[in-house]
Amino acid sequence: MADFSLKNKVIIVTGGTGILGGSFVSAIAEAEGKVVIIGRNKERLNKKEEAVKSAGGEALSIQADVMEEAQLVEAREKILSVYGKIDGLVNAAGGNVPEGILQANDDIFSMNIAGMQKALSLNLWGSVIPTQIFGQAMKENGGSIVNISSVSSKTILTKVLGYSMGKAAIDTYTSWFAVEAARRYGDKIRMNSITPGFFLTEQNRTLLTNSDGSLTDRGNAIIANTPFNRFGKPEELNGALVWLLSDASKFVTASTVMVDGGFTVFSGV
Numbered sequence: 010m011a012d013f014s015l016k017n018k019v020i021i022v023t024g025g026t027g028i029l030g031g032s033f034v035s036a037i038a039e040a041e042g043k044v045v046i047i048g049r050n051k052e053r054l055n056k057k058e059e060a061v062k063s064a065g066g067e068a069l070s071i072q073a074d075v076m077e078e079a080q081l082v083e084a085r086e087k088i089l090s091v092y093g094k095i096d097g098l099v100n101a102a103g104g105n106v107p108e109g110i111l112q113a114n115d116d117i118f119s120m121n122i123a124g125m126q127k128a129l130s131l132n133l134w135g136s137v138i139p140t141q142i143f144g145q146a147m148k149e150n151g152g153s154i155v156n157i158s159s160v161s162s163k164t165i166l167t168k169v170l171g172y173s174m175g176k177a178a179i180d181t182y183t184s185w186f187a188v189e190a191a192r193r194y195g196d197k198i199r200m201n202s203i204t205p206g207f208f209l210t211e212q213n214r215t216l217l218t219n220s221d222g223s224l225t226d227r228g229n230a231i232i233a234n235t236p237f238n239r240f241g242k243p244e245e246l247n248g249a250l251v252w253l254l255s256d257a258s259k260f261v262t263a264s265t266v267m268v269d270g271g272f273t274v275f276s277g278v
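Read the sequence shown against this note's numbering and you will find it ends at 278, with the numbers running on by one and no gaps.
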C-alpha cells in the first residue's frame with residue numbers, strides 16, 4: 010500500500026546509533042525515507058550513515074546531544090539547508106543510567122536523588138527538547154512525531170525508578186502535546202508513542218543477562234511474565250514505527266502501540 014511508504018519524507022531519529030534507534034534508522038531508509046541520524050558519538054554516526062547508504066538508502070548524520078538546545082538548533086538548520094523540510098521525528102534517545110538504579114539493599118529513604126533526576130531528565134526532556142526544536146519546522150507542512158515509552162510506565166518494575174518516572178511523564182506528554190497540537194494545527198501535526206516490552210539493549214543487558222549469556226533472576230522473571238516467552242527483537246518494533254510515521258496512520262494521534270509480547274496485560278497466572 011502506497012500509504013505505508015515514507016518516500017521523500019525527511020525523518021529524524023535521535024539516539025540513532027543505539028540498538029533500537031539504529032533499527033529505526035534502517036527501517037525508515039528501507040521504507041524510502043530520507044533519514045537523519047542524531048547521536049553523540051561521531052564514529053558510530055559515520056558508521057551508521059555509511060551502512061544505510063551502502064544498502065541503497067539516503068542518510069545524513071549529525072552529531073548532537075538531545076539535552077543541548079543550541080546543538081539541536083544547529084542540527085535543524087543543517088537539515089533544512091540540505092532537505093528544505095522535516096516530516097517526522099522519532100525520539101529514540103533515552104535509557105537508564107547506573108546512578109538511577111536502586112539496588113535491592115539500598116535504603117529507599119536514602120536514594121541517589123541526583124541519579125534519579127538524571128534518568129528522569131534524559132527520558133523526559135530528551136524527547137521534549139528535540140520536539141521543541143525540530144517541531145518548529147513542522148508548523149507549516151505538518152509531520153508525525155513518535156516517542157518511545159516503556160512498559161515500566163504502566164506496570165511497576167523494581168530498581169528503575171528514575172527511568173520509569175521519565176517514561177510515565179512521556180506518556181502524559183504524548184497525550185497532552187497531541188491534543189494541544191491538534192487544537193492549534195488541526196490534523197497537520199501528530200504525536201504518538203510506541204511502548205516496547207523487553208529488548209536487550211546496551212543499558213539493560215547487565216540487568217537481564219550474565220556475562221556468560223545466561224539470564225539473571227530478573228531476566229528469568231521477565232520471560233516468565235511475557236506470554237511470548239522471549240525478549241523482543243529490535244526489528245519487531247519497525248512495523249509500528251513505519252505505520253505511525255506514514256500516511257497510513259494520518260487519523261491517529263495521542264495513541265500508543267504496545268509491542269511487548271503481552272507483558273503488560275499478563276497477570277502471571
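Glycine is no exception: its CB is placed at the ideal position from the N, C-alpha and C atoms.
- DSSP, read as helix, strand or coil, puts F118 in coil.
- For the alpha helix (DSSP H) assignment, the uninterrupted runs of no fewer than 4 residues enclosed by the stretch 161-237 are, from N- to C-terminal side, 170-194, 214-217, 226-233.
- By DSSP's assignment, V155 forms a beta bridge with V99, N201.
- If you look at Q145, you'll find it isn't in any beta strand (DSSP E); DSSP assigns it neither H nor E.
- Excluding sequence positions up to five before and after D180, its CB lies within less than 6 Å of the CB of S158, S162, all in the same chain and listed in chain order.
- Using a C-beta cut-off of 8 Å, the stretch 35-45 makes contact with the stretch 12-21, since at least three inter-stretch Cβ pairs fall below that distance.
- E78 carries a helical assignment under DSSP once its states are collapsed to helix, strand and coil.
- Restricting attention to beta strand (DSSP E) runs no shorter than 3 residues, the stretch 32-82 encloses them at 43-48, 67-72, ordered along the chain.
- If you check the CB distance, G30 and A101 come in under 8 Å.
- Beta-carbon to beta-carbon, G103 and T210 are separated by about 10 Å, too far to satisfy the 8 Å threshold.
- In this model, K197 and K57 are separated by some 30 Å (Cα to Cα).
- Between the stretch 244-261 and the stretch 135-143, the count of Cβ pairs shorter than 8 Å is below three; the stretches do not touch.
- Note that the C-beta distance between G270 and G206 is below 8 Å.
- Using a 10 angstroms sphere on the CB of T183, the tally of other CB atoms reaches 16 or more, which defines it as buried.
- CA-to-CA, the gap between L133 and N201 works out to about 15 Å.
- With 16 or more neighbouring CB atoms inside 10 Å of its own CB, F240 falls in the buried class.
- Per DSSP, V106 lies in no beta strand (DSSP E) segment and is marked neither H nor E.
- Contact annotation: the stretch 252-268 touches the stretch 148-155, with at least three C-beta pairs closer than 8 Å.
- Ranked by how close their Cα comes to the Cα of I21, the residues D221, A11, A68, Q126 have A68 in first place.
- F118 counts as exposed, since fewer than 16 other beta carbons sit within 10 angstroms of its beta carbon.
- About 14 Å separates the beta carbon of I47 from that of A79, a gap too long to meet the 8 Å contact definition.
- By DSSP's assignment, I21 forms a beta bridge with V45, L98.
- Here V91 carries a helix assignment [DSSP, helix/strand/coil].
- Close CB contacts of R199 within its chain, under the 6 Å cut and outside five residues either way in sequence, are with S153, T262 (chain order).
- Between L129 and G175, the gap from beta carbon to beta carbon is short of 8 Å.
- The beta carbons of T235 and T164 sit about 12 Å from each other, so the pair does not count as a contact at 8 Å.
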